[in-house]
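Each remark here refers to the structure printed beneath this line.
Residue numbers (my numbering), protein chains in the order written: chain S, 4 to 330; chain A, 7 to 351.
Written out as structure tokens, the structure is:
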């Protein structure tokens with residue numbers, strides 16, 4: 004559809020040769036009243052890859068993933084999962100997909116072992132209870148009731164219930180939201196293990212570091228559309244610069260005119276967010292001295308100056324002019 | 007694979023049973039509360055006590071009235087000081103007061119049936135002791151009809167009410183609870199056949215039903231000697247049919263509700279008229295004739311009437327055909343509608 008072509012960076016660049024397509028949706032539309040949650044969205048996830056939908060809250064990530072999971076029906080567009088269709092091959096698809104939803108709470112009174120066993124009973128094939136619990140590192144919690152688990156343990160149990168049927172595709176909707184750093188890392192290594200076994204993952208997240216460290220490819224989603232697509236490295240490289248220099252002036256002093264900053268050597272882009280100014284720079288050893296010279300001539304004082312390697316957050320900023328977290 | 011193949015409906019039912027048994031409060035309300043209620047009401051309405059009349063005798067030096075009445079059957083004597091007479095009558099502590107004469111005075115309120123009875127009983131005893139000869143020869147033949155006490159009548163009502171309450175609450179609550187925690191949505195994302203989920207609620211319900219119905223009936227038999235006049239199998243069949251009808255109703259109430267508060271409100275709206283009108287504690291025939299057709303349509307009326315028919319009158323299935331039909335229609339209609347309307351999200 005017109006206007007929906009993603010700003011693709013080297014489309015399909017990360018495709019493992021001969022891997023085949025696990026998930027595909029074309030022209031996907033979902034409306035809630037006046038709100039268009041998903042707006043002619045196109046997506047292709049290859050077998051064996053970990054694909055991330057990255058975007059702010061309300062971007063349409065959850066709606067998209069739930070349509071692919073067969074929990075919502077689209078108003079328009081086609082969805083193809085493992086070469087099968089929702090509405091026709093549901094039973095077969097359910098056996099082959101592992102799903103973790105954002106808000107599921109299991110029964111407080113049941114134990115970890117009982118919940119896993121319950122979900123295991125739903126699938127014709129799959130792993131043993133002990134095997135799956137040791138895979139997610141919950142074997143010591145087997146007899147603990149759900150109510151007594153920590154947030155990270157609950158999330159790992161949710162993943163255990165998604166993995167218990169040995170799925171071909173694993174769907175994860177914001178799997179690490181609200182978790183402490185250690186729990187997040189535990190979950191990441193668990194997912195890497197699943198991938199090593201040849202599994203396909205589609206996950207949504209609004210953490211750039213999660214997308215960067217887990218995903219082979221990332222689609223940046225905003226307002227129901229894919230606005231950029233590629234590997235994390237490709238997306239960052241698309242900024243044309245690897246570094247970001249941020250600075251602010253002491254109170255009461257104005258920032259220099261962006262038009263004065265843009266021609267500085269090594270600077271590719273300038274953006275102003277409130278009192279902070281960010282320079283996207285390819286060569287900071289040129290950009291920083293030039294910036295300091297400029298400020299010195301003006302006799303103004305810096306409040307702070309920092310530099311960091313460019314991240315997907317900067318890509319999102321570059322594309323939309325907004326931050327991911329508060330967009 | 008070393009582990010045996012697991013069956014979804016078995017695991018789902020086991021999960022329901024575990025959830026219930028790990029909730030001590032629920033266990034109390036389902037099992038202990040009905041027994042306590044039966045016990046309390048059975049004691050309060052014991053008939054042996056009502057058969058005794060309590061009479062007050064005003065203390066008097068020369069009188070032997072108290073002595074004369076003390077050994078008479080069915081009479082209990084309280085000696086009163088002259089100043090206590092009015093208060094004792096007003097408070098209902100005595101049915102009649104005897105003021106020694108001559109002439110002997112009976113003080114009582116004639117609008118109270120028990121007072122009139124007490125006066126006749128006491129007078130009869132005193133006149134005979136004084137040597138009255140009966141002009142007509144007579145003999146009393148007392149008939150103690152089994153199953154005619156209030157407790158005999160109450161137990162089928164309590165059984166019906168208990169079946170209604172536990173079926174509605176347990177199904178309605180657990181379904182809405184699972185929906186509000188997004189657990190239903192998660193279950194929908196598995197290959198588990200949906201009908202097995204609904205069936206597991208029913209199965210778990212029936213397991214507890216056997217226990218709670220048996221507990222009440224055995225309790226009533228041991229403590230009050232209540233015995234069904236008709237077939238035990240038919241009573242069991244009615245208990246089962248009643249549970250199905252109310253489980254269906256519970257499921258129907260829970261098809262759309264997303265919060266516990268919401269479903270509780272609807273439960274009360276559905277149950278309140280039946281508590282009041284279906285004759286659990288007092289005969290529903292006391293309500294106006296115009297209301298009777300509606301009262302007879304209520305599933306709890308059908309269940310309680312059918313249980314009383316079998317337990318008190320010894321009816322067979324044919325005699326309670328209408329009640330059985332009402333419950334069957336209720337079961338089929340509520341399950342049919344529930345499956346159609348059920349919302350998993």
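For glycine and all other residues, C-beta sits at the position ideal for the given N, C-alpha and C.
Residue interval of the alpha helix (DSSP H) (run including residue i)
i, result
"residue 320 of chain S", "315 to 323"
"residue 81 of chain A", "Taken as a continuous stretch (DSSP letters only), residue 81 of chain A belongs to no alpha helix (DSSP H), being part of the beta strand (DSSP E) at 81 to 86."
"residue 206 of chain A", "200 to 230"
"residue 230 of chain S", "No alpha helix (DSSP H) holds residue 230 of chain S; the beta strand (DSSP E) holding it covers 228 to 233."
"residue 298 of chain A", "298 to 303"
"residue 252 of chain A", "238 to 259"
"residue 185 of chain S", "184 to 199"
"residue 301 of chain S", "287 to 301"
"residue 222 of chain S", "Run containing residue 222 of chain S: none in the alpha helix (DSSP H); it sits in the beta strand (DSSP E), 220 to 225."
"residue 270 of chain A", "266 to 283"
"residue 338 of chain A", "327 to 347"
"residue 352 of chain A", "The first residue shown for chain A is 7 and the last is 351, placing residue 352 of chain A beyond what the model contains."
"residue 16 of chain A", "14 to 27"
"residue 261 of chain S", "261 to 264"
Delimiting residues of the beta strand (DSSP E) encompassing residue i
i, result
"residue 252 of chain S", "246 to 252"
"residue 156 of chain A", "Run containing residue 156 of chain A: none in the beta strand (DSSP E); it sits in the alpha helix (DSSP H), 156 to 186."
"residue 31 of chain S", "24 to 35"
"residue 284 of chain S", "279 to 284"
"residue 104 of chain A", "102 to 105"
"residue 102 of chain S", "100 to 103"
"residue 176 of chain S", "172 to 176"
"residue 133 of chain S", "No beta strand (DSSP E) contains residue 133 of chain S, which is instead part of the alpha helix (DSSP H) from 132 to 138."
DSSP state of residue i mapped onto helix, strand, coil
i, result
"residue 53 of chain S", "strand"
"residue 164 of chain S", "helix"
"residue 326 of chain S", "coil"
"residue 18 of chain S", "Confidence is the limiting factor: at residue 18 of chain S the pLDDT is only 42, short of 50, which leaves the residue's position unreliable, though a coordinate-based value still follows. Coil, per DSSP."
"residue 210 of chain S", "coil"
"residue 13 of chain S", "Because residue 13 of chain S sits at a pLDDT of 39, beneath the cut-off of 50, its placement in the model cannot be relied upon, and the following sentence gives the value as read from the coordinates. Three-state DSSP puts residue 13 of chain S in coil, outside helix and strand."
"residue 309 of chain S", "strand"
"residue 42 of chain S", "strand"
"residue 204 of chain S", "strand"
"residue 69 of chain S", "helix"
"residue 2 of chain S", "Lying outside 4 to 330, the shown extent of chain S, residue 2 of chain S is not represented and no answer is given."
"residue 136 of chain A", "coil"
"residue 60 of chain A", "strand"
"residue 270 of chain S", "strand"
"residue 295 of chain A", "helix"
"residue 99 of chain A", "coil"
"residue 195 of chain A", "coil"
"residue 116 of chain S", "helix"
"residue 7 of chain S", "Low per-residue confidence applies at residue 7 of chain S: pLDDT is 42, beneath 50, and the placement is therefore not dependable, though the value from the model is reported in the following sentence. Of the three classes helix, strand and coil, the one that applies to residue 7 of chain S here is coil, per DSSP."
"residue 67 of chain A", "coil"
"residue 320 of chain A", "coil"
"residue 7 of chain A", "Confidence at residue 7 of chain A is low in this model, with a pLDDT of 45, below 50, so the placement of that residue is unreliable and no value is reported for it."
"residue 113 of chain A", "strand"
"residue 156 of chain S", "helix"
"residue 106 of chain S", "coil"
"residue 179 of chain S", "coil"
Chain A contact residues for residue i, given Cβ-Cβ distances below 9 angstroms
i, result
"residue 104 of chain S", "188, 191, 192, 195"
"residue 117 of chain S", "17, 20, 21, 24"
Chain A residues whose Cβ lies nearer than 8 angstroms to that of residue i
i, result
"residue 34 of chain S", "Those within 8 angstroms of residue 34 of chain S in chain A number zero; the least Cβ separation is about 17 angstroms."
"residue 112 of chain S", "24, 25, 28, 29"
"residue 120 of chain S", "12, 17"
Within chain A, partners of residue i - CB distance below 7 angstroms
i, result
"residue 123 of chain S", "12"
"residue 126 of chain S", "197"
Proximal residues of chain S, C-beta to C-beta of residue i below 8 angstroms
i, result
"residue 267 of chain A", "Within 8 angstroms Cβ-Cβ: nothing; residue 267 of chain A doesn't reach chain S, min ~18 angstroms."
"residue 325 of chain A", "What residue 325 of chain A touches in chain S: nothing, since even the nearest Cβ is about 44 angstroms away."
Chain S residues whose Cβ lies nearer than 7 angstroms to that of residue i
i, result
"residue 223 of chain A", "The premise fails here: residue 223 of chain A is roughly 29 angstroms from chain S at the closest Cβ pair, so nothing lies under 7 angstroms."
"residue 263 of chain A", "Correct list: empty, because the minimum Cβ distance to chain S is about 17 angstroms."
Expected contact under 8 angstroms - CB spacing of residue i and residue j to nearest Å
i, j, result
"residue 193 of chain S", "residue 159 of chain S", "7 angstroms"
"residue 182 of chain A", "residue 276 of chain A", "About 14 angstroms separates the two Cβ atoms, so there is no contact after all."
"residue 102 of chain S", "residue 165 of chain S", "6 angstroms"
Chain A contacts from the segment 80 to 110 of chain S (Cβ-Cβ distance under 7 angstroms): Contacts with chain A (Cβ-Cβ distance below 7 angstroms) from the segment 80 to 110 of chain S involve 94, 97, 98, 102, 104, 106, 107, 108, 109, 110, listed in chain order.
Near-chain A residues of the segment 137 to 150 of chain S (beta-carbon distance less than 7 angstroms), N- to C-terminal order: The residues in question: there are none.
Residues, ordered as in the chain, of the segment 164 to 190 of chain S that lie near chain A by beta-carbon distance below 7 angstroms: Going along the segment 164 to 190 of chain S in chain order, one finds no residue with a Cβ nearer than 7 angstroms to chain A.
Residues of the segment 54 to 83 of chain S with Cβ closer than 7 angstroms to any Cβ of chain A, in chain order: Taking 7 angstroms as the cut-off between beta carbons, the residues of the segment 54 to 83 of chain S near chain A are 72, 74, in sequence order.
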